[in-house]
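Asks: One structure, pasted below without further comment.
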DNA sequence: TATTGTTATACTCTATAACTATA
DNA sequence: TATAGTTATAGAGTATAACAATA
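Residue numbers (the UniProt record's numbering), protein chains in the order written: chain A, 1 to 176; chain B, 1 to 176.
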């Protein structure tokens with residue numbers, strides 16, 4: 001049996017604070033990326049991931065894994081970025097099935113153009129009121145949470161649908 | 001001049017940890033709400049906000065303020081919820097312009113149905129590795145950040161577009 | 001005139017399923 | 001058969017602008 005007793009008020013407060021801060025920060029960053037470089041958040045994430053990779057190259061599948069996208073979702077984003085000349089796509093030499101996405105000079109340029117503002121927003125909204133000890137504490141605590149999340153079992157072992165039973169009430173087939 | 005020097009690695013790590021944890025948590029909660037009650041996150045937020053209000057009633061504008069929605073976005077969500085019989089809408093008695101959204105019994109029922117799973121997810125993914133001291137630290141630190149965000153000036157005083165100049169490169173007119 | 005809310009419209013993002021091609 | 005990726009399709013969410021009605 002799992003515990004479903006209500007959360008105590010302090011726990012709830014901590015959870016809400018996290019959600020609130022994350023949402024506000026995400027929103028501000030989204031604005032900044034759009035204004036400074038015409039980028040959406042997922043596009044920025046892809047470009048930033050590529051910039052981190054050797055030669056600015058990455059296989060589609062590897063990108064998708066790191067960014068939690070479905071493959072079709074990534075295909076969509078990659079197509080947008082290719083259309084904007086920020087990346088190129090080419091099939092891999094060693095495995096014809098794979099597609100290698102490569103950051104173009106223009107893509108790097110956009111990233112450079114956008115970074116200062118990105119940093120400025122993070123600093124102004126998030127870092128300003130934090131001292132070194134706070135930074136260390138956040139990193140430690142959230143690091144533990146992250147580890148927990150990565151190791152926690154999914155909620156249901158499998159979509160387990162008893163043979164022949166119809167979809168459950170309130171269920172739709174459009175998950176993430 | 002604002003500071004746009006790169007973030008030091010520890011600051012960056014803290015920021016990324018926050019983003020990561022928030023994203024994973026949001027994703028898990030989204031799944032749970034859909035599975036247990038057929039609710040989307042914004043719908044749940046609206047229902048929960050209403051449940052907190054006296055008599056389960058709230059003006060559209062007040063709802064929008066608390067939830068960062070544009071008015072049209074809230075109209076859309078309210079229409080969805082009304083269609084599902086989870087809320088009703090009626091114009092206010094004292095001010096004919098205002099619309100009062102009210103939680104129905106069915107809406108309350110869905111909320112009750114969904115809450116245990118919601119709590120379970122938060123507890124399992126977020127609270128498990130945290131002691132009382134951690135909870136207190138998070139609340140304190142993120143509380144300060146939140147206050148900072150709420151008081152921080154927006155990035156640009158106004159959309160300032162020099163008279164007659166065309167839209168800038170990379171700019172699209174589909175903001176949030 | 002200012003405020004409240006809705007409507008029309010357009011666009012982004014995401015997912016599922018079906019499909020192609022290579023290993 | 002399994003893996004990599006694309007395409008077609010569908011739907012949710014959101015915003016902007018124009019609009020109607022009330023204060």
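Note that CB positions come from ideal geometry on N, CA and C, so glycine has one too.
Computed from a predicted structure; not experimentally measured.
(1) From the DSSP secondary-structure annotation, give me the bridge partner or partners of residue 89 of chain B.
(2) Does residue 56 of chain B pass the burial test, meaning 16 or more other C-beta atoms within 10 Å, or should it be called exposed?
(3) Within its chain, find whatever has a CB closer than 7 angstroms to the CB of residue 106 of chain B; leave out the 5 residues flanking it on each side and keep chain order.
(4) Between the stretch 121-142 of chain B and chain A, which residues of the former have CB atoms less than 9 angstroms from a CB of the latter, in chain order?
(5) With 7 angstroms as the threshold, decide whether the Cβ of residue 24 of chain B is near any Cβ in chain A.
(6) Should residue 122 of chain A go down as buried or exposed, given a rule of 16 or more other Cβ atoms within 10 Å for buried?
(7) So is residue 131 of chain A buried or exposed if we call it buried at 16+ other beta carbons inside 10 Å?
(8) With a threshold of 8 angstroms on Cβ separation, who are the neighbours of residue 69 of chain A within its own chain once the five nearest residues in sequence on each side are excluded?
(9) Taking the C-alpha atoms as reference points, what is the distance between residue 116 of chain B and residue 65 of chain A?
(10) Using the C-alpha atoms, what's the distance from residue 153 of chain B back to residue 34 of chain A?
(11) Helix, strand or coil: how does DSSP classify residue 133 of chain A here?
(12) For residue 173 of chain A and residue 31 of chain B, I'd like the C-alpha separation in whole angstroms.
(13) What residues are listed by DSSP as bridge partners for residue 58 of chain B?
(14) At least one CB of chain A closer than 7 angstroms to the CB of residue 86 of chain B: is that the case?
(15) Between residue 50 of chain B and residue 101 of chain B, which are expected to be in contact by the criterion C-beta below 8 angstroms, what is the C-beta distance as a whole number of angstroms?
(16) What is the DSSP secondary structure of residue 155 of chain A, reduced to helix, strand or coil?
(17) Please report the distance separating the alpha-carbon of residue 155 of chain B from that of residue 126 of chain A.
(18) In whole angstroms, what separates the C-alpha of residue 36 of chain B from that of residue 7 of chain A?
(19) With a threshold of 7 angstroms between beta carbons, is residue 149 of chain A in contact with chain B?
(20) Kindly say whether residue 17 of chain A, judged by its beta-carbon, lies nearer than 7 angstroms to any beta-carbon of chain B.
(21) Please state the DSSP three-state secondary structure of residue 107 of chain B.
(22) Does residue 68 of chain B come out as helix, strand or coil in the three-state DSSP assignment?
(23) Determine the contact status of residue 128 of chain B and residue 148 of chain A, defining contact as a CB-CB distance below 7 angstroms.
(24) Any beta-carbon of chain B closer than 7 angstroms to the one on residue 146 of chain A?
(25) Taking C-beta to C-beta, are residue 82 of chain A and residue 71 of chain A nearer than 7 angstroms?
(26) Write down the C-beta distance between residue 138 of chain B and residue 18 of chain A rounded to the nearest angstrom, noting that I regard them as a contact closer than 8 angstroms.
(27) Could you give the residue range of the alpha helix (DSSP H) that holds residue 38 of chain B?
(28) I'd like to know whether the C-beta of residue 106 of chain B is nearer than 7 angstroms to at least one C-beta of chain A.
(29) By Cβ distance, which residues of its chain are closer than 7 angstroms to residue 104 of chain A, with the 5 residues on each side in sequence left out?
(30) Mapping DSSP to helix, strand and coil, what is residue 23 of chain A?
(31) Looking at the C-beta of residue 20 of chain A, does it have a partner C-beta in chain B at a distance below 7 angstroms?
(32) Given that residue 14 of chain B touches chain A, what residues does it touch there, using C-beta distances under 7 angstroms?
Replies: The short version:
(1) B:101
(2) buried
(3) 85, 86
(4) 121, 122, 123, 124, 125, 126, 127, 128, 129, 130, 132, 134, 135, 136, 137, 138, 139, 140, 141, 142
(5) yes
(6) buried
(7) exposed
(8) 42, 63, 77
(9) 31 angstroms
(10) 18 angstroms
(11) helix
(12) Because the pLDDT of residue 173 of chain A is 32, which lies under 50, any placement of that residue in the model is unreliable, and the question is left without a value.
(13) B:101
(14) no
(15) 7 angstroms
(16) coil
(17) 14 angstroms
(18) 19 angstroms
(19) yes
(20) yes
(21) helix
(22) coil
(23) yes
(24) yes
(25) no
(26) 7 angstroms
(27) Careful: residue 38 of chain B lies outside any alpha helix (DSSP H) and carries neither H nor E.
(28) no
(29) 85, 86, 87, 88
(30) helix
(31) yes
(32) 135, 138, 139
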